[in-house]
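J.: By UniProt numbering, the letter at position 271 of the sequence shown is numbered 271, and the numbering carries on one by one without gaps.
Where a beta carbon is used, it is the ideal one built from N, C-alpha and C, also for glycine.
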Amino acid sequence: MESSATTLLSMFFSFTSTPQILFSIITMIATLFDEEAYRRWSFGGEISPCLADLKHLNYLDLSGNYFLGEGMSIPSFLGTMTSLTHLNLSDTGFNGKIPPQIGNLSKLRYLDLSGNYLLGGGMSIPSFLGTMTSLTHLDLSGTGFMGKIPSQIWNLSNLVYLGLGGDSDVEPLFAENVEWLSSMWKLEYLHLSYANLSKAFHWLHTLQSLPSLTHLYLSFCTLPHYNEPSLLNFSSLQTLHLSDTSYSPAISFVPKWIFKLKKLVSLQLSYNEINDPIPGGIRNLTLLQNLDLSFNSFSSSIPDCLYGLHRLKFLNLRANYLHGTISDALGNLTSLVKLDLSYNQLEGNIPTSLGNLTSLVELDLSYNQLEGTIPTSLGNLCNLRVIDLSYLKLNQQVNELLEILAPCISHELTNLAVQSSRLSGNLTDDVGAFKNIERLDFSNNLIGGALPKSFGKLSSLRYLDLSINKFSGNPFESLGSLSKLSSLHIDGNLFHRVVKEDDLANLTSLTEFGASGNNFTLKVGPNWIPNFQLTYLEVTSWPLGPSFPLWIQSQNKLEYVGLSNTGIFDSISTQMWEALSQDEPMQLEFLNLASNNLSGEIPDCWMDWTSLVDVNLQSNHFVGNLPQSMGSLAELQSLQIHNNTLSGIFPTSLKKNNQLISLDLGENNLSGSIPTWVGENLLNVKILRLRSNRFGGHIPNEICQMSHLQVLDLAQNNLSGNIPSCFSNLSAMTLMNQSTDPRIYSIARYGRSYSSMESIVSVLLWLKGRGDEYRNILGLVTSIDLSSNKLLGEIPREITYLNGLNFLNLSHNQLIGHIPQGIGNMRSLQSIDFSRNQLSGEIPPTIANLSFLSMLDLSYNHLKGNIPTGTQLQTFDASSFIGNNLCGPPLPINCSSNGKTHSYEGSDGHGVNWFFVSMTIGFIVGFWIVIAPLLICRSWRYAYFHFLDHVWFKLQSFRLGSITV
1 MESSATTLLS
11 MFFSFTSTPQ
21 ILFSIITMIA
31 TLFDEEAYRR
41 WSFGGEISPC
51 LADLKHLNYL
61 DLSGNYFLGE
71 GMSIPSFLGT
81 MTSLTHLNLS
91 DTGFNGKIPP
101 QIGNLSKLRY
111 LDLSGNYLLG
121 GGMSIPSFLG
131 TMTSLTHLDL
141 SGTGFMGKIP
151 SQIWNLSNLV
161 YLGLGGDSDV
171 EPLFAENVEW
181 LSSMWKLEYL
191 HLSYANLSKA
201 FHWLHTLQSL
211 PSLTHLYLSF
221 CTLPHYNEPS
231 LLNFSSLQTL
241 HLSDTSYSPA
251 ISFVPKWIFK
261 LKKLVSLQLS
271 YNEINDPIPG
281 GIRNLTLLQN
291 LDLSFNSFSS
301 SIPDCLYGLH
311 RLKFLNLRAN
321 YLHGTISDAL
331 GNLTSLVKLD
341 LSYNQLEGNI
351 PTSLGNLTSL
361 VELDLSYNQL
371 EGTIPTSLGN
381 LCNLRVIDLS
391 YLKLNQQVNE
401 LLEILAPCIS
411 HELTNLAVQS
421 SRLSGNLTDD
431 VGAFKNIERL
441 DFSNNLIGGA
451 LPKSFGKLSS
461 LRYLDLSINK
471 FSGNPFESLG
481 SLSKLSSLHI
491 DGNLFHRVVK
501 EDDLANLTSL
511 TEFGASGNNF
521 TLKVGPNWIP
531 NFQLTYLEVT
541 SWPLGPSFPL
551 WIQSQNKLEY
561 VGLSNTGIFD
571 SISTQMWEAL
581 SQDEPMQLEF
591 LNLASNNLSG
601 EIPDCWMDWT
611 SLVDVNLQSN
621 HFVGNLPQSM
631 GSLAELQSLQ
641 IHNNTLSGIF
651 PTSLKKNNQL
661 ISLDLGENNL
671 SGSIPTWVGE
681 NLLNVKILRL
691 RSNRFGGHIP
701 NEICQMSHLQ
711 VLDLAQNNLS
721 GNIPSCFSNL
731 SAMTLMNQST
741 DPRIYSIARY
751 GRSYSSMESI
761 VSVLLWLKGR
771 GDEYRNILGL
781 VTSIDLSSNK
791 LLGEIPREIT
801 YLNGLNFLNL
811 SHNQLIGHIP
821 QGIGNMRSLQ
831 SIDFSRNQLS
841 GEIPPTIANL
851 SFLSMLDLSY
861 NHLKGNIPTG
871 TQLQTFDASS
881 FIGNNLCGPP
891 LPINCSSNGK
901 THSYEGSDGH
911 GVNWFFVSMT
921 IGFIVGFWIV
931 IAPLLICRSW
941 RYAYFHFLDH
951 VWFKLQSFRL
961 GSITV
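And the structure:
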């Protein structure tokens, strides 16, 4: 068939014969091509002008041939084919203007130019379309047109279908009113998504007057002020899509008029920020088959009336903060084909009545608080193809789950995800029954044991994620024969194996391979070339060294490379760079070479990898400074090069990297001042870590412009001057608990695979006196660490405005003055360290208000007075207050009534205990006052020893006399 299609295509584009033969060719192509073959053999190149010779052709459909019109305009000669009644050029890649000759097609009834997003090119819809009065179908959706909708559209009174929907990439179409629609009394389908209707105050009144209107799409529209209509007469409306609409001003409820649409079959209201509970009026829509209320904030339980909509086939309540339990009445919805209750706060058990939904094809209950075990009735749902039970509290044996699914569901199931749901036990041979499974995810559970050999029967499997479990043994014994497997993630298990070439030989479709955190060793020949082409490679902690593995040179589609802690002893400028640098630059987006023994200077070749978003070279032995070509990484979001031996000034090459989110240059030998452009150019930075370098000078005030900054670590440098008072402008630290995601991601724009789309940023932070790697909760951390510098002056009171700050360390500086009185307003503080400064005055009583405080160190200052009484302060060790003139618990010094206090130094080895010092000095002085004269004067010495002999004689005489008596 393919060879025949090739011949036909060749004939089409070289055709010089009669139009009748060409028409026959077109007909044959239409019958020969199935959908998949059509994608593979879609047309390209120019459309031959000979096509215009088909004078009697009335039906022309070239849709879906995206490369057909790429970079070209719609040919004007199509306007000469006046017999055409049907013209479909949708999704063909055309751009530029619509040729006005198209207006000559007076017989044309069907015109579809949709999906050619460059066709409009920011221009207005051409007015000549209003002259094509025979049109019954006009679709310009997704064509890039903008500006006002031309009034001439009014003339198209025969339209049954009108598609003017836009997209998010261009300015929306604007309509001052929609009265022009009132002439289209035959209109059944209206698509105005993304249109700006903010001035069309009578839009609802106009649309309800269209007697035939059946399908209305207004998603992403801007609508005027909401007014509830007194009378509504949508006599025919069956489809209403109002997702992500915005009223001016905004509303937070479902418009009541919707519940009067008794014939409604499909209703979409997703992404509307609705805060009210799911309204009971929904019970009136008894004909509903499709209901999408996802991504709102209903914050209620699922109302009972929803379970009464017996015709429902598609129900989507995803991400709505729904709580409570799932009622057994769910079993009444026996027509359901797709059910999505994911990303809510539903609790309790999964109801056994779920087994009544025998038409169900897709089930998603993930990301809830549901607990218990999977009901055995789930095994009745023989039509299920997709199941997602991830992030639940199942506490179930994985073999029990497979036993429920295997008898009936296994034959149809294509997707099964039970990630992070507390599954335990071992996988059994039941897994081999899922012959059509394509995607299987059991990651982040407690499943152990060896993989059953029946895994080899899963011939359709394309995606497998078993990461973060307790699997052991040799996984390739079971998985090595899966030739369709494209994504394999087995990180974080107890697998062990010397992996050889034969283990990977049959994995010819593999594009993603993640196997870090196991006990694998790769043993391949020096000339080994894998049979696969990877986009994602994560083999952290595999012993691949000492030289860089040359087989990576054959992987020219890599987007993600994770080779940290692989024992590579090499220079990045020799074999390794040659292996990673291809003849054509890779679309590499993530590069992790951390914790190896890479040495030398970092090569100046980064201009070849302009797609990089995350670079991690930490904990190596690099010297010199960052190369200038790193400035060409316009997409770079995370750069970690801490714990190397870099030197020189702050890298000027970073001045252009204005997409940076995390910058970690800590533990190097960089010197000079921190440039002002850091705060002026790097405005997206959330993590700035310059710890343990030799930076000097002042902290630039421009850092205060970094409104997204969450972590500022400048500790252990030579910084001087005052702490900037403008720190109060760091707005990310002034808002309490604003982050909705505990993680910080570096995200690729153009990743070709799911796994290589993002990476979680991790940073080594010294908080509460210890260093830890923060990753999964980094997005919740706010910290300022300026310790171990030479900072002067007072602690600015403005710093107390940072009421979202968690950790504050100003220790080991030369700060003077009082602790700011407003410190009690910093209610998020968990740790304060002001130790070893020259602070004076009393501890502000408001510090007792800090109920989250778990670490406090005010030691070795010049503080005085009573330690404030509070629920937290008296629980700290006395060492938190030593080296001051303080009194009261937890110090063992009571405050006297006259207000005098005493210095307490403790006995922990910190500082000087003057009692023992004075005692020692007194002993030494007294000893030499007595002994020195005896050594110098002989007569005194003789007299002294004569005295001692006399005393000894008297004592002996007294002792003998006592014995005689």
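The alpha helix (DSSP H) spanning histidine 205 covers which residue range?
T.: Here residue 205 refers to the residue found at position 205 of the sequence shown. Residues 203-208.
J.: Go ahead and label lysine 97 buried or exposed: buried means 16 or more other beta carbons lie within 10 angstroms of its beta carbon, across all protein chains shown.
T.: Counting from 1 along the sequence shown, the entry for residue 97 is found at position 97. By the neighbour-count rule (16 or more Cβ atoms within 10 Å), lysine 97 is not buried but exposed.
J.: Would DSSP call threonine 901 helix, strand or coil?
T.: Numbered from 1 along the sequence shown, position 901 holds the residue referred to as residue 901. Only weak support exists for where threonine 901 lies, its pLDDT of 48 falling under 50; the value from the coordinates is given anyway. DSSP, reduced to helix, strand and coil, places threonine 901 outside both helices and strands of the structure shown, so it counts as coil.
J.: Keeping to the same chain, check which residues put their C-beta closer than 7 Å to that of alanine 329; ignore five residues upstream and five downstream.
T.: Against the sequence shown, residue 329 aligns to sequence position 329. Cβ neighbours of alanine 329 beyond the five flanking positions: Asp304, Tyr307.
J.: Check methionine 1 in the structure and name its three-state DSSP category.
T.: In the sequence shown, counting from the first residue as 1, residue 1 sits at position 1. Bear in mind that a pLDDT of 38 at methionine 1, under 50, signals an unreliable position, so the model cannot answer this.
J.: Are the beta-carbon atoms belonging to serine 63 and leucine 89 less than 8 Å from one another?
T.: For the purposes of this step, residue 63 is identified with residue 63 of the sequence shown, where counting begins at 1. For the purposes of this step, residue 89 is identified with residue 89 of the sequence shown, where counting begins at 1. Yes, these two residues count as a Cβ contact at 8 Å.
J.: Using 10 angstroms around the beta-carbon of alanine 250, count the other beta-carbons present and answer buried if the total reaches 16, otherwise exposed.
T.: The residue given as residue 250 occupies position 250 in the sequence shown. It counts as exposed.
J.: Do the region 536-554 and the region 508-526 touch if we need at least three Cβ pairs shorter than 8 Å?
T.: yes
J.: Within 10 angstroms of the Cβ of serine 17, are there 16 or more other Cβ atoms? Answer buried if so, exposed if not.
T.: Along the sequence shown, read from residue 1 onward, the residue named residue 17 stands at position 17. Confidence is the limiting factor: at serine 17 the pLDDT is only 33, short of 50, which leaves the residue's position unreliable and the question unanswerable from this model.
J.: Less than 6 Å between C-beta atoms, sequence neighbours within five positions excluded: which residues of the same chain meet that for leucine 639?
T.: Sequence index remark: in the sequence shown, residue 639 carries index 639 (1-based). Closer than 6 Å at Cβ, skipping near neighbours: Val615, Leu663.
J.: Hey, is the region 373-380 in contact with the region 348-358, meaning 3+ C-beta pairs nearer than 8 Å?
T.: yes
J.: With distance defined between alpha-carbon atoms, name the residue in Phe298, Ile274, Ser198, Leu309 nearest to isoleucine 282.
T.: Indexing the sequence shown from 1 puts residue 282 at position 282. The option with the nearest alpha carbon to isoleucine 282 is Leu309.
J.: Using 10 angstroms around the beta-carbon of phenylalanine 881, count the other beta-carbons present and answer buried if the total reaches 16, otherwise exposed.
T.: Within the sequence shown, the letter at position 881 stands for residue 881. When all chains shown are included, phenylalanine 881 counts as buried.
J.: Quick one: grab the DSSP three-state call for serine 671.
T.: Counted from its first residue, the sequence shown places residue 671 at position 671. It is a strand residue.
J.: Only counting the same chain, and skipping five residues up and downstream in sequence, which positions put a Cβ closer than 8 Å to that of threonine 133?
T.: Residue mapping note: residue 133 aligns to position 133 of the sequence shown, counting from 1. Excluding positions up to five away in sequence, the list reads Asn155, Leu156, Ser157, Asn158.
J.: Count the other C-beta atoms from every protein chain shown that fall within 10 angstroms of the C-beta of glutamine 814, then say buried if there are 16 or more, exposed otherwise.
T.: Taking the first residue of the sequence shown as position 1, residue 814 is located at position 814. When all chains shown are included, glutamine 814 counts as exposed.
J.: Please name the residue in Leu346, His323, Arg318, Gly355 whose C-alpha comes closest to that of asparagine 332.
T.: Walking along the sequence shown from the start, residue 332 turns up at place 332. It is Gly355.
J.: Since lysine 790 sits in a beta bridge, which residues does DSSP pair it with?
T.: On the sequence shown, residue 790 is found 790 positions in, with the first residue counted as 1. Ser720, per the DSSP bridge assignment.
J.: Just to confirm, is the Cβ distance from leucine 646 to glycine 666 under 8 Å?
T.: The residue you call residue 646 lines up with position 646 of the sequence shown. The residue you call residue 666 lines up with position 666 of the sequence shown. Not closer than 8 Å, so no.
J.: List in chain order: all unbroken alpha helix (DSSP H) runs of 4+ residues lying wholly within the region 434-496.
T.: 476-479
J.: Going by DSSP, what residue range makes up the alpha helix (DSSP H) through valine 398?
T.: Mapped onto the sequence shown, residue 398 falls at position 398. Counting along the chain, the alpha helix (DSSP H) containing valine 398 begins and ends at 398-405.
J.: According to DSSP, is serine 864 part of a helix, a strand, or is it coil?
T.: As a first step, residue 864 must be located in the sequence shown, where it is residue number 864. First, the residue type needs correcting, since residue 864 is lysine and not serine in the sequence shown. In the three-state scheme derived from DSSP, where H, G and I count as helix and E and B as strand, lysine 864 is classed as strand.
J.: Going by CA-CA distance only, name the one from Pro742, Ser707, Leu135, Leu216 that's closest to alanine 732.
T.: As a first step, residue 732 must be located in the sequence shown, where it is residue number 732. Comparing Cα positions, the closest option is Ser707.
J.: Sort Pro796, Glu477, Phe495 by Cα distance to serine 467 and report the nearest one.
T.: Within the sequence shown, numbered from 1, the residue matching residue 467 stands at position 467. It is Phe495 whose Cα lies nearest to the Cα of serine 467.
J.: Please list the terminal residues of the continuous beta strand (DSSP E) segment that includes valine 763.
T.: Taking the sequence shown and counting its residues from 1, one reaches residue 763 at position 763. Its beta strand (DSSP E) spans residues 763-767.
J.: Quick one: which unbroken alpha helix (DSSP H) runs of 4-plus residues sit fully inside the region 489-547? Chain order, please.
T.: 501-504
J.: Please report the straight-line C-alpha distance between arginine 743 and leucine 57, rounded to a whole angstrom.
T.: By 1-based counting over the sequence shown, the position of residue 743 is 743. By 1-based counting over the sequence shown, the position of residue 57 is 57. Distance between the alpha carbons of arginine 743 and leucine 57: 59 Å.
J.: Which residues in the same chain as glutamine 628 place their Cβ atom closer than 6 Å to its Cβ, once the five residues preceding and following it in sequence are excluded?
T.: Here residue 628 is taken as the residue at index 628 of the sequence shown, counted from 1. Cβ within range, chain order: Ser653.
J.: Can you look up alanine 329 in the DSSP assignment and give me helix, strand or coil?
T.: Locating residue 329 in the sequence shown gives position 329, where the first residue counts as 1. Here alanine 329 sits in helix by DSSP.
J.: Residues in its own chain within less than 7 Å of serine 114 by CB, not counting five upstream and five downstream?
T.: As a first step, residue 114 is located in the sequence shown; it is residue number 114 there, counting from the start. Ser90, Asp139, Leu140, Ser141, Gly142, Thr143, Gly163.
J.: Return the Cβ separation of leucine 423 and leucine 446 in integer angstroms, given the expectation that the two are a contact with Cβ distance under 8 Å.
T.: Indexing the sequence shown from 1 puts residue 423 at position 423. Indexing the sequence shown from 1 puts residue 446 at position 446. Yes, leucine 423 and leucine 446 are in contact; Cβ-Cβ is about 7 Å, under 8 Å.
J.: Sorted by chain position, which residues of the same chain lie with C-beta nearer than 8 Å to asparagine 196's C-beta, five sequence neighbours on each side aside?
T.: Within the sequence shown, residue 196 is the residue found at index 196, counting from 1. Cβ neighbours of asparagine 196 beyond the five flanking positions: Pro172, Leu173, Phe174, Ala175, Cys221, Thr222.
J.: Here's a check: name, in chain order, each residue in its chain whose Cβ is nearer than 8 Å to the Cβ of leucine 544, leaving out the five neighbours to either side.
T.: Start at 1 with the first residue of the sequence shown, and residue 544 comes out as number 544. Only Leu522, Leu563, Thr566, Gly567, Ile568 meet the Cβ criterion.
J.: Is the beta carbon of threonine 131 less than 8 Å from the beta carbon of tyrosine 161?
T.: Within the sequence shown, numbered from 1, the residue matching residue 131 stands at position 131. Within the sequence shown, numbered from 1, the residue matching residue 161 stands at position 161. No, they are not a contact pair.
J.: Under 6 Å Cβ to Cβ from valine 561, same chain only, skipping five residues before and after it: list those, please.
T.: Your numbering for residue 561 matches position 561 in the sequence shown. If we look at valine 561 and ignore the five residues flanking it on each side, its Cβ neighbours are Leu537, Leu591.
J.: Count the other C-beta atoms from every protein chain shown that fall within 10 angstroms of the C-beta of glutamate 589, then say buried if there are 16 or more, exposed otherwise.
T.: Sequence index remark: in the sequence shown, residue 589 carries index 589 (1-based). Per the 10 Å Cβ criterion, buried.
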